[in-house]
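In what follows, a single structure is set out as structure tokens and then discussed.
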Amino acid sequence: MKKTDRQRLIKQLITENEIETQDDLIARLEQSGVKATQATVSRDVREMSIVKTHGSDGRVKYALFSQQQASSSEDKLKESVKDSVTRMERVQFMVIVHTDMGAADVVTNFLDEVSYEEIAGTVAGVDTIIIIARSEGDAIAVVERFEAMMD
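Residue 1 is where the sequence shown starts when you use the UniProt record's numbering, and the numbers rise one by one after that.
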């Protein structure tokens with residue numbers, strides 16, 4: 001099967017099912033008659049901007065980045081911050097952001113897409129984001145921006 005056909009099928013599977021892991025996705029592909037290795041599926045997930053989000057039952061599942069309901073990157077970021085961020089603190093020129101379990105990478109993807117000038121870089125874990133600002137003043141501005149999104 002060609003890559004474009006496989007990715008079209010992956011998009012369909014993720015849209016129509018709640019797929020929690022790459023192993024689940026590989027199994028669904030096999031049920032559809034497509035053999036794919038974990039490395040291939042991992043590349044497809046990355047190339048297709050597939051992110052983890054919370055399903056209707058609160059469990060983490062894969063979703064297409066474009067499936068988010070907000071209209072712009074900034075709106076997507078605001079929505080994900082409001083829904084997922086539990087607390088944050090500034091440490092000099094860094095901002096430590098705590099999120100619901102499994103949400104840090106989603107928030108970070110949106111944050112990186114918005115590309116704020118005061119942010120030099122981000123690192124995401126499972127439930128924690130480290131935002132590295134260009135200065136202490138920029139870190140304060142990031143905290144204020146996030147607080148406004150959380151209201």
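Glycine included, each C-beta is placed from N, C-alpha and C at the ideal position.
Look up residue i in the DSSP assignment and say whether it is helix, strand or coil.
| i | result |
| --- | --- |
| T15 | helix |
| M149 | helix |
| R90 | strand |
| K78 | helix |
| A36 | coil |
| T4 | helix |
Let me know if residue i comes out buried or exposed under the rule of 16 or more other beta-carbons within 10 Å of its beta-carbon.
| i | result |
| --- | --- |
| T99 | buried |
| V85 | buried |
| I96 | exposed |
| A36 | buried |
| V142 | buried |
| M88 | buried |
| K52 | buried |
| A63 | buried |
| N17 | exposed |
| T108 | buried |
| D5 | exposed |
Taking Cβ positions, are residue i and residue j nearer each other than 7 Å?
| i | j | result |
| --- | --- | --- |
| A148 | G125 | no |
| residue 160 | T122 | Beyond the ends of the chain as shown, which are 1 and 151, falls residue 160; an answer cannot be given. |
| M150 | K82 | yes |
| M101 | D127 | yes |
| I129 | I119 | no |
| Q22 | V41 | yes |
For a test of your reading of the model: does the CB of residue i fall under 6 Å from any non-hydrogen atom of the ligand ADP? Yes or no.
| i | result |
| --- | --- |
| K76 | The ligand ADP is not part of this structure, which contains no ligands at all. |
Would you mind listing the alpha helix (DSSP H) stretches within the UniProt domain "Arginine repressor C-terminal" (82 to 147) that are 4+ residues and don't spill past its ends, in chain order?
104 to 114
Inspect the CB distances between the stretch 22 to 31 and the stretch 73 to 89 and report whether three or more fall short of 8 Å.
no
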